[in-house]
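In our numbering, the protein residues as written are 343 to 561.
From the three backbone atoms N, C-alpha and C, an ideal C-beta is built for every residue, glycine too.
These notes concern the structure reproduced below.
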Ligand SMILES: C[S@@+](CC[C@H](N)C(=O)[O-])C[C@H]1O[C@@H](n2cnc3c(N)ncnc32)[C@H](O)[C@@H]1O
């Protein structure tokens with residue numbers, strides 16, 4: 343991640359920590375894992391497999407170095423999430439923070455749904471409109487990003503998730519000190535029994551706000 347991303351790492355890591363604590367996944371996939379921000383929260387007693395995907399090999403090298411303690415449990419693949427071959431039905435949590443802005447969500451959503459185990463969860467963090475414009479950055483590398491990304495409306499993600507049988511369980515707006523705002527949401531794949539005990543437990547756990555004073559997204 344380039345300069346200017348630094349202000350965003352801590353909140354993204356905090357969001358991941360909350361999601362991770364709520365789901366306690368045995369098998370985790372992180373899409374657009376970059377340098378592994380957030381994976382410092384992974385507990386190897388809970389999670390035996392962590393798959394990280396990113397297009398940028400140099401980011402993955404940094405992640406491997408930073409996260410040596412995860413050893414063989416951490417599998418990092420330099421691949422496009424729109425083409426990567428992951429095991430079907432084998433992930434309890436798939437997390438994608440600030441990735442959907444780079445990809446075709448219509449292509450990605452059915453793929454994610456196929457990777458999730460029954461009652462598995464897909465968690466996303468989207469950037470909302472407003473805050474400092476990327477185009478105004480003093481860093482050319484950050485300005486260049488503006489050309490490659492598109493803000494994805496939360497409603498679009500919700501609709502595509504619903505089409506794939508994923509139910510939105512929680513959704514929050516997370517305001518940042520920079521003036522930017524994130525949208526964080528959890529979509530759950532229905533298990534054979536529908537609204538399971540796990541789902542209810544997660545809903546209870548997620549009632550803890552992500553940050554003080556943070557509003558929940560109105561429906
Ligand atoms: C804003 S960064 C992600 C931040 C990170 N998830 C975090 O929580 O700090 C976006 C990442 O997505 C990666 N990326 C963009 N398009 C991708 C694609 N089609 N497949 C895999 N990774 C992609 C970029 O290389 C970059 O590392």
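I believe residue 359 touches residue 383 by the beta-carbon criterion, under 8 Å. Please report the beta-carbon distance rounded to the nearest angstrom.
4 Å
Tell me which residue opens and which closes the beta strand (DSSP E) that residue 465 is part of.
458 to 469
Test item: CB-CB of residue 463 and residue 510 under 7 Å
When the beta-carbon positions are compared, residue 463 and residue 510 stay at least 7 Å from each other.
When burial is assigned at 16 or more other CB atoms within 10 Å of the CB, is residue 379 buried or exposed?
buried
For residue 437, which option in 352, 515 and 362 has the closest C-alpha, if you only look at C-alpha atoms?
362
Does the stretch 449 to 464 come close enough to the stretch 499 to 513 to have 3 or more Cβ pairs within less than 8 Å?
yes
With a cut-off of 8 Å on the beta carbons, I'd call residue 375 and residue 394 a contact; round off their distance for me.
3 Å between Cβ atoms; contact.
Just mark residue 425 as buried or exposed, buried being the case when its beta carbon has 16 or more other beta carbons within 10 Å.
exposed
Using a Cβ-Cβ cutoff of less than 7 Å, which residues in the same chain neighbour residue 557 once the five nearest sequence positions on both sides are dropped?
Because residue 557 sits at a pLDDT of 43, beneath the cut-off of 50, its placement in the model cannot be relied upon, and the following sentence gives the value as read from the coordinates. Cβ neighbours of residue 557 beyond the five flanking positions: 515.
Give the DSSP-derived three-state secondary structure of residue 446 in the structure shown.
Here residue 446 carries a coil assignment [DSSP, helix/strand/coil].
Along the chain, where does the alpha helix (DSSP H) containing residue 430 start, and where does it finish?
First-last for residue 430: undefined, no H or E at that position.
Continuous alpha helix (DSSP H) assignments of at least 4 residues falling wholly in the stretch 484 to 530
496 to 505
Thinking C-alpha only, which one of 369, 377, 373 and 417 is nearest residue 390?
369
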